[in-house]
Amino acid sequence: MLTEMTTDASRPFYRLGTLLFIGELPRPEFSRFLLDKFTFADFFSVKTDETEKRDLTLKILDLAEDVPYNVQMLAHSLWNRLLQIKFGAPEKSFLTADLIDETREKIIRQSDPFYTQIWNGLTTIQKKTLTAVVEEDGQNLQSNRVTTRSGVSPSSIRRSLESLISQGVLRQDEKLGNIKIRFEDPFFAHWIRLFSN
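Written as structure tokens, this is what we have:
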């Protein structure tokens with residue numbers, strides 16, 4: 001939206017200042033922040049080595065696809081679950097890969113009414129397009145293989161992608177000359193994997 005405001009000649013903020021694309025938060029710093037906080041709260045087992053600790057924080061970032069809101073939501077929910085566990089069974093109050101997966105699924109189930117409302121407001125072609133984005137990891141969506149499997153023409157997929165991007169459901173991630181279609185809310189993509197069929 002901001003890019004359009006500053007690059008469209010018909011808009012009032014056209015060429016207002018220098019364009020600066022911020023990009024994602026730096027992954028190493030984001031991971032270190034999570035590691036420090038979970039370590040400070042004593043949420044790692046003494047048996048967990050530094051590599052495993054780092055891998056657990058990277059798993060949080062991976063599942064949230066580095067989207068700050070989703071990382072914060074997942075980390076906050078994990079924190080609260082670990083505090084509850086610590087109150088009842090302190091010997092079990094440690095961050096694990098299974099706990100991260102369970103917590104993400106709990107968040108997604110709690111968000112089901114919201115995701116269901118979005119899903120039911122979409123056209124059949126938009127639903128097929130979102131399913132293709134999930135299955136193809138947001139790449140080569142207009143290829144013959146994808147369009148044949150989804151039963152949607154390349155032009156319909158293109159129009160559907162444009163609409164879903166303008167609705168804020170999807171976004172384009174542009175890096176090194178490549179474009180990957182990603183979900184604004186990566187947990188919605190996981191909801192589609194779990195419940196849309």
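Numbering-wise (my numbering), the sequence shown opens with residue 1 and increments by one.
No residue lacks a Cβ here, since even glycine has one placed at the ideal position from N, Cα and C.
Going by DSSP in three states, residue i sits in which element: helix, strand or coil?
i    : result
L61  : helix
P12  : coil
K92  : helix
F195 : helix
T51  : helix
F87  : helix
S77  : helix
Could you give the residue range of the alpha helix (DSSP H) that holds residue i?
i   : result
T39 : R27 to F40
D66 : No alpha helix (DSSP H) holds D66; DSSP gives it neither H nor E.
I need the straight-line Cα distance from residue i to residue j, nearest angstrom please.
i    : j    : result
L130 : S150 : 10 Å
G121 : D112 : 14 Å
N80  : P90  : 14 Å
L194 : P12  : 44 Å
S160 : E102 : 32 Å
D49  : K37  : 16 Å
T123 : L99  : 35 Å
E65  : Q72  : 12 Å
S10  : N178 : 28 Å
R109 : I125 : 25 Å
Q139 : K180 : 5 Å
T147 : K128 : 10 Å
H76  : L25  : 18 Å
E135 : S196 : 12 Å
M133 : I192 : Before going on, a small fix: residue 133 reads as Val here, not Met. If you take the alpha carbons of V133 and I192, they lie about 10 Å apart.
T51  : F40  : 17 Å
I157 : L82  : 43 Å
S143 : D137 : 13 Å
S31  : L78  : 15 Å
A189 : F33  : 26 Å
D173 : R104 : 23 Å
L141 : S163 : 15 Å
K106 : L176 : 35 Å
P68  : K53  : 20 Å
TODO: At 4 residues or longer, and completely inside the stretch 114 to 188: list those alpha helix (DSSP H) runs for me, N to C.
DONE: 124 to 135, 144 to 150 and 154 to 166
Task: Segment contact flag, the stretch 43 to 61 with the stretch 181 to 189, C-beta cutoff 8 Å, min 3 pairs - done: no
Open item on the list: Quick test of the definition: if touching needs 3 or more C-beta pairs under 8 Å, does the stretch 159 to 169 touch the stretch 86 to 97?
Closed with: no
- [ ] Mind the definition here: the stretch 100 to 114 touches the stretch 139 to 153 only if three or more C-beta pairs lie below 8 Å; say whether that holds.
- [x] no
TODO: Report yes or no: do three or more beta-carbon pairs, one from the stretch 39 to 46 and one from the stretch 93 to 101, lie closer than 8 Å?
DONE: yes
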